[in-house]
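One structure below.
Number of protein chains: 2
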Amino acid sequence: MNEQAAAGNQTTVKVGLGERSYDIVIGPGILRDAGNRLARVLPGARAAVVTDETVAGFHLDTLKTALDNAGVGHEVITVPPGEKSKSFEHLQEVVDGILAARLERADVVIALGGGVVGDLAGFASGIVRRGMNFVQIPTSLLAQVDSSVGGKTGINSTHGKNLIGVFHQPKLVIADSALLDTLTPREFRAGYAEVAKYGLINQPDFFGWLEKSWEDIFAGGPARVEAIARSCQSKADIVERDERESGERALLNLGHTFGHALETATGYDSKRLVHGEAVSIGMVMAHRFSARMNLASVDDAQRVEAHLREVGLPTRVSDIRGELPDEETLLSYIAQDKKVSRGALTFILTNGIGRSFIARDVPASEVLSFLRENRPQ
Amino acid sequence: MNEQAAAGNQTTVKVGLGERSYDIVIGPGILRDAGNRLARVLPGARAAVVTDETVAGFHLDTLKTALDNAGVGHEVITVPPGEKSKSFEHLQEVVDGILAARLERADVVIALGGGVVGDLAGFASGIVRRGMNFVQIPTSLLAQVDSSVGGKTGINSTHGKNLIGVFHQPKLVIADSALLDTLTPREFRAGYAEVAKYGLINQPDFFGWLEKSWEDIFAGGPARVEAIARSCQSKADIVERDERESGERALLNLGHTFGHALETATGYDSKRLVHGEAVSIGMVMAHRFSARMNLASVDDAQRVEAHLREVGLPTRVSDIRGELPDEETLLSYIAQDKKVSRGALTFILTNGIGRSFIARDVPASEVLSFLRENRPQ
Chain A
1 MNEQAAAGNQ TTVKVGLGER SYDIVIGPGI LRDAGNRLAR VLPGARAAVV TDETVAGFHL
61 DTLKTALDNA GVGHEVITVP PGEKSKSFEH LQEVVDGILA ARLERADVVI ALGGGVVGDL
121 AGFASGIVRR GMNFVQIPTS LLAQVDSSVG GKTGINSTHG KNLIGVFHQP KLVIADSALL
181 DTLTPREFRA GYAEVAKYGL INQPDFFGWL EKSWEDIFAG GPARVEAIAR SCQSKADIVE
241 RDERESGERA LLNLGHTFGH ALETATGYDS KRLVHGEAVS IGMVMAHRFS ARMNLASVDD
301 AQRVEAHLRE VGLPTRVSDI RGELPDEETL LSYIAQDKKV SRGALTFILT NGIGRSFIAR
361 DVPASEVLSF LRENRPQ
Chain B
1 MNEQAAAGNQ TTVKVGLGER SYDIVIGPGI LRDAGNRLAR VLPGARAAVV TDETVAGFHL
61 DTLKTALDNA GVGHEVITVP PGEKSKSFEH LQEVVDGILA ARLERADVVI ALGGGVVGDL
121 AGFASGIVRR GMNFVQIPTS LLAQVDSSVG GKTGINSTHG KNLIGVFHQP KLVIADSALL
181 DTLTPREFRA GYAEVAKYGL INQPDFFGWL EKSWEDIFAG GPARVEAIAR SCQSKADIVE
241 RDERESGERA LLNLGHTFGH ALETATGYDS KRLVHGEAVS IGMVMAHRFS ARMNLASVDD
301 AQRVEAHLRE VGLPTRVSDI RGELPDEETL LSYIAQDKKV SRGALTFILT NGIGRSFIAR
361 DVPASEVLSF LRENRPQ
């Protein structure tokens, strides 16, 4: 795609959160202009770029050139790739790197990477000097449509995923859709699970469009930009109404309660299961569990599973290779999930495609029976 | 003092921050009723009590009994006393303790201790599950009049003090003025420096009252409660207008820019200098530097120094025992202080008692000359 076409295929989603509002700019090739965009939003700021070794190999030079061209001084802090970097140890490393660079509150931390780098760098920027400026340049589909909207940041604990963090909104998100061409097909599919999630939460028309358009989205071009933009808009609409997850925002956890339990069960081993795959299985489980509770039709659950399977995503616990713990243990992982409230199990269930809702007081016994019925043979 | 007199000598300061508003209850003996007070504000919450070994010896049993009487389940997390506990290592320890107790967002972290415990427990409560409820029971004068108002939490870095943290407001502060009887005279005096600070910032009448009443405040009784309440109200008024320190709140740093540099210079060795003593010296330096710059009268600087010296506080760099680094090094500590903005030196200076202001672009050369003129002989 040439520069002109790129400019024509560029769009901006505004996240409206009062004085914490910011733009998500989406389009192919826009990383090359990142320095100028940043300097317009944060004139005079110096930058600490946080990235991982894999992403640095693909995109760091482009970003450094863009920052140099705009006269934005910068230091680079590199962490190892993978979920294990969301730890206290690496948090301290990033925080120390930012302080060693003598950045002040008015300067900026840039996250160049996927969800792990975004969560880690965002958390660090939220606690250095009690909150510095933060700019996200998400390089995975998952990060572009999920982590880049809503300000959740954090690290993992031995007690569970994302249990430690802050809400800290970025000042700007630059989502270069062409960067996704460097993803493996498996990584792209995993991110696609979160795209489909927005249709399943409250936009049945979007889910219908995805069923028709998914191959164009995977191929790149205008359909990809549209899918990212509609996902970001969908999440922004929810976050604007409930920034700190006191209610509706929990809908974004569709598929995540089952999903997190499966990630814990596989020890966050990305060879066996990555986050988007866990969400894919979790969303199908949420629809099938809803059907079992007579809340939704079996047809809708089958339609969800058929689409996710068509794009190549796992949809059943039995799709996970290797041993898994027994159902009681899985239930205990679900109960430690942070969306538990006062011991009652809270799930996102559904009345059908695009009709998800927050179900409180779901009986643990029903969940256990469902898990047992679905035990891989 | 009997219970009845205690009840009559009890007062509440309201900190008005919209949905983050909270009460500071002040009076002698009110720790014994802490469980009921907490349960009224946070019904059904379980608690993690964070304290240090010294404070635990004096007050933990009283708090545990109060919680038991109110049916508030609780776990206790104890850290070593002293500034060194404001570290990543102890932060992780407290966070792990809260998660191991399986507390949820609707539960509560209680800080029972001085400024160190408040800053550490407050930070932990601000990042577990991206923000849990927090209640402060400050046990030092410094914590009752300073740390308990305004929601600043944090730990130290090798790069400087309080450089890592979040803004996280408590739901309730219980300031039992009788607990201060367990402080050493030196600890009480150090806290008193922050009381005097409120007069020096913008309340000359309060400073005048302190000059007359300080012995009653040290002795306990109604004057002590009044001094604590007026200090909290004074800080609350400023914080309500500027919660996140984008402007006026910086006035609360009167004496702190010089003070932090001296704390760094003495390696946070409490045998040589504690925070309130550093603030005392820093406030006198701020007044004398202001007089040197022809911003305030020498008489006012002398009056400030005379009062602080009368209560037994250090007022000069020469009051610090042992070797200190040279003036260039002290200046470099000042320049790393987080109140630096884009390389310019920002100080809180004054036009006289109760007339402090934020001075930006203070020439580093003038500060250096002032430090050299005051070199201990």
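Chains as they are written, first to last, in full-length UniProt numbering: chain A, 1 to 377; chain B, 1 to 377.
No residue lacks a Cβ here, since even glycine has one placed at the ideal position from N, Cα and C.
Contact criterion: CB-CB distance below 9 angstroms. Does residue i meet it with respect to chain B?
| i | result |
| --- | --- |
| A/His-159 | yes |
| A/Gln-92 | yes |
| A/Lys-152 | yes |
| A/Ser-341 | With a pLDDT of 47 at A/Ser-341, under the threshold of 50, the predicted position of this residue should be treated as unreliable, and no value is reported. |
Rounding to the nearest angstrom, what Cα-Cα distance links residue i and residue j in this structure?
| i | j | result |
| --- | --- | --- |
| B/Gly-352 | B/Tyr-333 | 26 angstroms |
| B/Val-298 | A/Val-13 | 58 angstroms |
| B/Ile-358 | A/Phe-258 | 53 angstroms |
| B/Ala-178 | B/Val-317 | 33 angstroms |
| B/Arg-241 | B/Val-15 | 11 angstroms |
| A/Asp-233 | B/Ile-77 | Inspection of the sequence shows that residue 233 of chain A is occupied by Gln rather than by Asp. So the alpha carbons of these two residues sit roughly 43 angstroms apart. |
| A/Leu-63 | A/Ala-124 | 20 angstroms |
| A/Asp-146 | B/Pro-376 | 59 angstroms |
| A/Ser-85 | A/Val-79 | 7 angstroms |
| B/Gly-354 | A/Leu-141 | 56 angstroms |
| B/Ala-190 | B/Pro-314 | 9 angstroms |
| A/Gly-18 | B/Asp-319 | 50 angstroms |
| B/Leu-295 | B/Glu-187 | 32 angstroms |
| B/Leu-99 | A/Asn-162 | 12 angstroms |
| B/Ile-201 | A/Gln-203 | 56 angstroms |
| B/Gly-267 | B/Val-284 | 21 angstroms |
| B/Glu-248 | A/Ala-34 | 34 angstroms |
| B/Gln-92 | B/Thr-158 | 17 angstroms |
What whole-angstrom Cβ distance do residue i and residue j have, given they're in contact under 8 angstroms?
| i | j | result |
| --- | --- | --- |
| A/Pro-170 | A/Gln-136 | 5 angstroms |
| A/Val-49 | A/His-74 | 6 angstroms |
| A/Val-55 | A/Arg-37 | Not really, about 19 angstroms apart at Cβ, beyond 8 angstroms. |
| B/Val-304 | B/Trp-214 | That pair is no contact at about 13 angstroms. |
Are residue i and residue j touching if we call contact CB-CB under 9 angstroms?
| i | j | result |
| --- | --- | --- |
| B/Gly-113 | B/Thr-51 | yes |
| B/Ala-291 | B/Gly-255 | no |
| B/Val-149 | B/Ala-236 | yes |
| B/Pro-138 | B/Ala-121 | no |
| B/Leu-331 | B/Ala-250 | no |
| B/Gly-160 | B/Thr-264 | yes |
| A/Gly-151 | A/Val-239 | yes |
| B/Tyr-22 | B/Leu-172 | yes |
| A/Met-132 | A/Val-166 | no |
| B/Pro-28 | B/Asp-176 | yes |
| A/Leu-349 | A/Val-367 | no |
| A/Glu-53 | A/Pro-81 | yes |
| A/Asn-9 | A/Val-225 | yes |
| B/Arg-272 | B/Gly-322 | yes |
| B/Gly-220 | B/Leu-183 | no |
| A/Ser-246 | A/Tyr-198 | no |
Are the C-beta atoms of residue i and some chain A residue less than 9 angstroms apart?
| i | result |
| --- | --- |
| B/Arg-249 | no |
| B/Val-109 | no |
| B/Val-239 | no |
| B/Arg-244 | yes |
List the residues of chain B that residue i touches, going by C-beta distances under 7 angstroms, in chain order.
| i | result |
| --- | --- |
| A/Arg-303 | Result: empty, since nearest Cβ-Cβ is about 34 angstroms, beyond 7 angstroms. |
So with CB distances below 8 angstroms, who are the chain B contacts of residue i?
| i | result |
| --- | --- |
| A/Val-166 | Gly-126, Ile-127, Arg-130, Gly-131 and Val-166 |
Taking 8 angstroms as the cut-off, is the CB of residue i close to at least one heavy atom of the ligand FAD?
| i | result |
| --- | --- |
| B/Ile-110 | For the ligand FAD, the structure offers nothing, since it holds no ligand at all. |
At 9 angstroms on the CB atoms, spell out the chain B contacts of residue i, in chain order.
| i | result |
| --- | --- |
| A/Phe-347 | Those do not exist, as A/Phe-347 stays about 16 angstroms from chain B at its closest Cβ, beyond 9 angstroms. |
Closer than 8 angstroms by beta-carbon distance: list the chain A residues that pair up with residue i, in chain order.
| i | result |
| --- | --- |
| B/Ala-100 | His-159 |
| B/Leu-163 | Leu-99, Val-128 and Arg-129 |
Give the interface partners of residue i over in chain A, defined as CB-CB distance under 9 angstroms, in chain order.
| i | result |
| --- | --- |
| B/Val-95 | Phe-88, Ser-157, Leu-163 and Ile-164 |
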